[in-house]
Amino acid sequence: MSLLQISEPGFESPVSTHRLAVGIDLGTTNSLVATGCGGRVEILPDLDGEYLLPSVVQYRKGSPPVVGEKAKAAAVADPENTVISVKRLLGKSATEIKNSDTVGRYRLDSSRDEKAPALLTANGSRDPVQVSADILKALIARAEDFLKGKLEGAVITVPAYFNDAQRQQTRDAARLAGLKVLRLLNEPTAAAVAYGLDSKDQGNVVVFDLGGGTFDVSLLSLKKGIFQVLATGGDTALGGDDFDNVLAEWLSLQVFGGKKLDLGEQSKLLHYANQIKHQLSDLESVELSYADWSGRLSHVQFSTLCEDLINRTIKTCRRVLRDASKSVGDIDNIVMV
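Numbering (our numbering), first residue to last: -18 to 318.
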């Protein structure tokens, strides 16, 4: 099934004449680019053979932006000039960014309009569209190097719960990067296709997509090879970053007694919290050691710390079922992204 042949409410598929096009997952934490050939999807690697591009950009005075792994490595040592999770800032006002920035990571340019916020860096102000464009440029360069040709267009995935402003800024970022958007495709729909669910004759599919910075859950109905979105819900301010923040706050209380930390120490603690979170995906408990403090954290304890976040996802799932007039028994497949 072509990504340009998926039925979603209010969308009519255009006839594409582009010869060289790709699909892009512009993620909060990581991004990637892929192409299709002969019914097979191929994710395009960089020169080092890596498929995921960390969605991190470092700005240094008088130098081109650094994107990806090198920028991610700089996030701890140079947090003031390294932008992470920019996807969470798209379509937001300055006040909304301040209210959601619990660790004080983002330095806003006070000279900019409330509705057009920008971040201060060593190389000048950069708004979320510009930062997103720099990530897209890195993906475009990767694709053109791999495919040996000029890229003319792309299908870009976005959270189903993105509002008009967030979708428009995604388009603006692509335009700034010199890329024509063939279509913005809702991430749950793309996930269902990627997992091969388009091969089944019919059925109801729930796609649960808890990403790095956004959460989507959609109920899709497949009939005669076409997906129809029955209901969707989510939260553009809920994702893996929030689980990191909860764990980092707990660690700060254990290690530093809850005293206020500078941005550098906060960045180190968040990085450590992220590592522990990943370990708890496979282990029942993890030994902790930070500064002069040591301890242990179990998977159950971590789940308890994040109970409020987990409950937010459950409430959203129930609301989506209710909006679609479906019950749990009506669901044929569940995709956990």
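Yeah, the Cβ is synthetic: ideal placement off N, Cα and C, and Gly gets one too.
Own chain residues within Cβ distance below 7 Å of residue i, not counting five before or after
i: residue 70; result: 78 and 109
i: residue 97; result: 108
i: residue 339; result: Since the displayed the chain opens at -18 and closes at 318, residue 339 lies outside it and no answer follows.
i: residue 72; result: 144, 146, 147 and 150
i: residue 161; result: 133 and 134
i: residue 57; result: 248, 249 and 252
i: residue 184; result: 203, 313 and 314
i: residue 286; result: 227, 228 and 231
i: residue 158; result: 114, 117, 118 and 121
i: residue 112; result: 38, 64 and 67
i: residue 15; result: 3, 4, 22, 23, 24 and 25
i: residue 236; result: 271, 272 and 274
i: residue 292; result: none
i: residue -4; result: Note that residue -4 has pLDDT 42, beneath the 50 cutoff, so the model's placement of it is unreliable and no number is given.
i: residue 233; result: 239, 242 and 250
Close beta carbons around residue i, own chain, < 6 Å, minus the five adjacent residues each side
i: residue 211; result: 200, 202 and 305
i: residue 194; result: 9, 66, 68, 69, 220 and 222
i: residue 317; result: 189
DSSP beta-bridge partners of residue i
i: residue 274; result: 271
i: residue 325; result: Residue 325 lies beyond the residue range present for the chain, which begins at -18 and ends at 318; the question has no answer from this structure.
i: residue 23; result: 16
i: residue 161; result: 134
i: residue 45; result: Answer by DSSP bridge pairing: none, since residue 45 is not bridged.
i: residue 2; result: 134
i: residue 336; result: Since the first residue shown for the chain is -18 and the last is 318, residue 336 is missing from the structure and cannot be characterised.
i: residue 65; result: 37
i: residue 147; result: In DSSP, residue 147 forms no bridge with anything.
i: residue 166; result: 138
i: residue 183; result: 204
Selection from the options that minimises the alpha carbon distance to residue i
i: residue 220; options: 190, 213 and 243; result: 190
i: residue 91; options: 237, 106 and 81; result: 106
i: residue 165; options: 142, 207, 94 and 301; result: 142
i: residue 186; options: 174, 192 and 263; result: 174
i: residue 34; options: 209, 309 and 123; result: 123
i: residue 136; options: 125, 81 and 152; result: 152
i: residue 94; options: 80, 74 and 102; result: 74
i: residue 129; options: 0, 257 and 163; result: 0
i: residue 283; options: 52, 257, 138 and 307; result: 257
i: residue 29; options: 131, 308 and 127; result: 127
Same chain, Cβ closer than 8 Å to residue i, five either side skipped, listed in chain order
i: residue 198; result: 169, 187, 188, 189, 190, 213, 214, 215, 294, 297, 298 and 301
i: residue 290; result: 219, 223, 224 and 227
i: residue 81; result: 69, 73 and 218
### Message
Restricting to runs no shorter than 4 residues, where is the alpha helix (DSSP H) found entirely within the region 204 to 231?
### Response
Taken in chain order, the region 204 to 231 contains no complete alpha helix (DSSP H) segment of 4 residues or longer.
### Message
Taking 8 Å as the cut-off, does the region 238 to 245 touch the region 266 to 277 (at least 3 CB pairs, one atom from each stretch)?
### Response
Touching, no, given that fewer than three Cβ pairs across the two stretches are closer than 8 Å.
### Task
Pair every Cβ in the region 37 to 46 with every Cβ in the region 110 to 124, then say whether three or more of these pairs are closer than 8 Å.
yes
### Message
Runs of 4 residues minimum, wholly inside the region 236 to 317: which ones carry the alpha helix (DSSP H) assignment?
### Response
244 to 260, 280 to 286 and 288 to 304
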